[in-house]
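Undergrad: Submitted below is the structure of interest, expressed as structure tokens.
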Amino acid sequence: MADAIALLAAGRRRFAAPPLAVLVLRRIAVSLLLLFAVSVLVFAGTEMLPGDVAQMILGQGATPQALAGLRAALHLNEPAWLRYLHWLWGLLHGNAGHSLVNGMSIATLVGRRLVNSLWLALFTTVVTVPLALTVGITAAIWRGTAYDRVVNMLTIATVSVPEFLFATVAVLIFAVRLRWLPALSLVMRGASFAELLRAYALPVATLSLAIFAQMARMTRAALVNTLSSSYVEMAVLKGVRPVRLVLRHALPNALGPVANAVALSLSFLLGGVVIVETVFSYPGLAKLMVDAVSTRDMPLVQACAMIFCTAYLLLVLVADIIALLANPRLRHR
Amino acid sequence: MNHDTPRGRRRARPSPVALAAGTVVVACFALAVFGPVLAPHAEGTIVSRNIFAPMSAAFPLGTDYLGRDMLSRVLYGARFTIGVALPATLLASGTGTLLGMLAAVRGRTLDAVLSRAMDTLISLPTLIFSLVVVAALGSSITVLVLTAAVIYTPGSYRIARSVAVDLSATDFVKAARARGEGGLAIMLGEILPNMVMPVLTDFGLRFVFIVLLLSSLSFLGLGIQPPYSDWGGMVRENIEGLSAGAPAVIVPAVAIAILTVSVNLLIDNLPGRGSRHRGA
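Written as structure tokens, this is what we have:
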């Protein structure tokens, strides 16, 4: 009896589930809320900064009038929440203020660097995704075999090894011992394709290694999950071969989770890119941020942090929306 | 919960892998305590005129950028790598587990508030978040420990909460409620003893993440500050020696890898563990 009621209730809920568009919009709204919370946290960073920013910019010899003028210009006399709104408003209009160190406009500083980092991320994605999918899928086909165990061991190893170990070992082997590739990745304007390839090879390989294993492992997990469902069991009883079982029966249904895994793994790029750009002196956004942290150039740090956090939230959002589209059951939560 | 473990292995003794990994982990922790006693030289003494010397009988791991003995440096560095990561992990795992149990036992409002707060924290990329904190507050050891703890609390919270929610629906917890036991008694007496394994596994995982995070910060020059050096910092200060192929760059990085890989192998091969929970 109780079961029947539960079933009925479940059925009613299924009919009452909001349309997909509403669910997706709701998920986007959650992301925007999170982004807002993140921006408050990032802004709080400056509030903790000791000392007077105006004094820092103008130096010890500044006249009181100049200090007062700059304070007014930077809205330093206003309460924190008003300054937060000013900052947010500027950020939304692409005006993140000026660097405390060299006075340059942050939009200019960030612009070029952002493009460089996006290239790095794009190359890495193009290299890693097909490779990781292949390894993940084959590991699911031959699960429980020595191959699967080796992949698993490699995953544990790469997940628990710092990126700078990959980077330094790669430089040691390919740049120092073999002299095939440059140790620093400085791309000149108008460089030939071969030069470009050589410059990007090591950073992309390092980054790729950092996210590859995670992606392969999650792909395998998504497939193995589908493989445990009863229709796959039916196919096994029917005598379907393992390769066909995975590719024809399981993969189409696991595409959503797999795409979700790919998007989530790509968010690991954000940590890796900081290390890789530093090791190879790659003129990207992460290197800019690390330098800004060492000089305590807070407006620049905040702008970079907001870009990275937005990218991260965007990737997670895409992953969730894919999962929502792919798995109708998630729509009834 | 144990669906993925092969039958019959469930109550087996520790596997050889677990034993080996466990031995390495214990050895690393022993080095963190006794490293300075075992080191042939003091960490700051310049013992050789050869900088970036290769491995030799006199200096088994070569010398660094100032001509200091790398073996001694690595032995001393264990204190900073493990000694900072361990309290941070204890804090993260302890807070996460406690709050997770509270959320599971104490009803909806607290659960909703805590879970939303944790969702917010988890939506920050870890390294970027620590960079912002270090830019604002500097990188004293207290700041580093607290930052790492805050960043990794949500992961522990999520796992502890999901296990505790499952447990609080069991008959023995319902029985305890019916007996009139309070929330605290149920948490400590009924739920906690039954989630030791997942919490320990998670502890190991968090420890690995925190070691990696702190090493990365040190590698960027934003973690432990000179004159002290953890292993990540040693990679940074010797990076110039990379083109000379000096062991001084690779050795500390390998030391980190040995520590983190063996912790990971240990928790992955523990006998009778629940399925490996992977939080973000």
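Sequences listed follow chains Y and W, in order. Positions in the first sequence are counted from 1; adding 62 to them yields the numbering used here. Positions in the second sequence are counted from 1; adding 2 to them yields the numbering used here. Glycine included, each C-beta is placed from N, C-alpha and C at the ideal position. As the structure is a computational prediction, the values presented were derived from the model and not from experiment.
(1) For chain W, find out if any of its Cβ atoms is closer than 7 Å to the Cβ of Ala99/Y; answer yes or no.
(2) Taking the continuous alpha helix (DSSP H) assigned at Leu58/Y, which residues delimit it?
(3) Can you list, in chain order, the residues of its chain with a C-beta nearer than 6 Å to that of Gly206/W? Leave out the 5 residues immediately preceding and following it.
(4) For chain W, check one thing: does any of its Cβ atoms lie closer than 7 Å to the Cβ of Val222/Y?
(5) Measuring alpha carbon to alpha carbon, tell me which of Gly225/W, Ser142/W, Asp121/W, Pro228/W ends up nearest Ile161/W.
(6) Exposed or buried, what is Gln276/Y when buried is set at 16 or more other beta-carbons lying within 10 Å of its beta-carbon?
(7) Determine the chain Y residues that contact Gly247/W at a beta-carbon separation under 9 Å, and present them in chain order.
(8) Could you say which of Leu100/W, Ile193/W, Ile130/W lies nearest to Val363/Y if we only look at CA atoms?
(9) Chain W partners of Ser356/Y, CB-CB under 8 Å?
(10) Considering only residues of the same chain and omitting the five flanking positions on each side of Pro249/W, which have a CB-CB separation below 8 Å?
(11) Answer with yes or no whether the minimum CB distance from Phe58/Y to chain W is below 7 Å.
(12) Counting pairs of beta carbons, one from the region 290 to 306 of chain Y and one from the region 252 to 268 of chain Y, are three or more of them closer than 8 Å?
(13) Find the residues of chain Y that neighbour Leu244/W, judging by a C-beta separation of less than 8 Å, and give them in chain order.
(14) Just to confirm before moving on: does the CB-CB distance between Ala219/Y and Leu264/Y stay below 7 Å?
(15) By the criterion of Cβ-Cβ separation under 8 Å, what are the contact partners of Phe274/Y in chain C?
(16) Suppose you measure from the CA of Gly198/Y to the CA of Ala316/Y; what does that come to, to the nearest Å?
(17) When you compare only the Cα positions, how much space is there between Ser125/W and Ser93/Y?
(18) Taking 8 Å as the threshold, find out whether the region 302 to 311 of chain Y comes into contact with the region 343 to 357 of chain Y through three or more Cβ pairs.
(19) Which residues in chain Y have a C-beta closer than 7 Å to the C-beta of Ala255/W? List them in chain order.
(20) Which residue from Leu202/W, Leu133/W, Arg81/W puts its Cα closest to that of Val165/W?
(21) Restricting to Cα atoms, I'd like to know which of Leu85/Y, Ala91/Y, Val238/Y, Leu332/Y is closest to Thr187/Y.
(22) Tell me which same chain residues have a C-beta within less than 7 Å of the C-beta of Ser101/Y, skipping the five on either side of it?
(23) Between which two residues does the alpha helix (DSSP H) containing Ala105/W stretch?
(24) Quick check: what's the CA-CA separation for Val378/Y versus Gly157/W?
(25) Starting from Thr262/W, trace the alpha helix (DSSP H) both ways and give me its first and last residue.
(26) Just list the residues that DSSP pairs Thr65/W with in beta bridges.
(27) List, in order along the chain, the chain Y residues whose C-beta lies closer than 8 Å to that of Thr97/W?
(28) Who are the neighbours of Ile337/Y on chain W, taking C-beta pairs under 9 Å?
(29) Would you call the region 76 to 86 of chain W in contact with the region 32 to 42 of chain W, where contact means no fewer than 3 C-beta pairs closer than 8 Å?
(30) Can you list the residues of chain W that Met351/Y reaches, using a CB-CB cut of under 8 Å?
(31) Check whether chain W comes within 7 Å of Tyr374/Y, counting only Cβ atoms and requiring the distance to be less than that.
(32) On the CB-based measure, 16 or more other CB atoms within 10 Å of its CB, does Pro141/Y come out buried or exposed?
(33) Pull the bridge partners of Ile48/W from the DSSP assignment, please.
(34) Is there at least one Cβ from chain W nearer than 7 Å to Val10/Y's Cβ?
(35) What span of residues does the alpha helix (DSSP H) with Val191/Y cover, start to end?
(36) Does any residue of chain W bring its CB to less than 7 Å from the CB of Leu96/Y?
TA: According to the structure data:
(1) yes
(2) The structure shown does not extend to residue 58/Y, since chain Y is modelled only from 63 through 395, so no value can be given for it.
(3) Val265, Ile269
(4) The sequence given here has Ser at residue 222/Y, not Val. True, the Cβ-Cβ gap to chain W drops below 7 Å.
(5) Asp121/W
(6) buried
(7) Leu234, Val238, Arg239
(8) Ile130/W
(9) Gly223, Leu224
(10) Pro56, Met57, Leu63, Gly64, Met72
(11) Here chain Y comprises residues numbered 63 to 395, so residue 58/Y is not present and cannot be evaluated.
(12) no
(13) Thr230, Val233, Leu234, Val238, Ala245
(14) no
(15) Of the chains in the structure shown, none is chain C; the protein chains are Y and W.
(16) 12 Å
(17) 9 Å
(18) no
(19) Pro224, Phe226, Leu227, Thr230
(20) Leu202/W
(21) Leu332/Y
(22) Leu150, Met368
(23) 72 to 107
(24) 16 Å
(25) 249 to 270
(26) Asp71/W
(27) Correct list: empty, because the minimum Cβ distance to chain Y is about 18 Å.
(28) Leu129, Ser218, Phe221, Leu222
(29) yes
(30) Ile130, Leu133
(31) yes
(32) exposed
(33) Arg70/W
(34) Residue 10/Y lies beyond the stretch modelled for chain Y, which goes from 63 to 395, so this question has no answer here.
(35) 168 to 203
(36) yes
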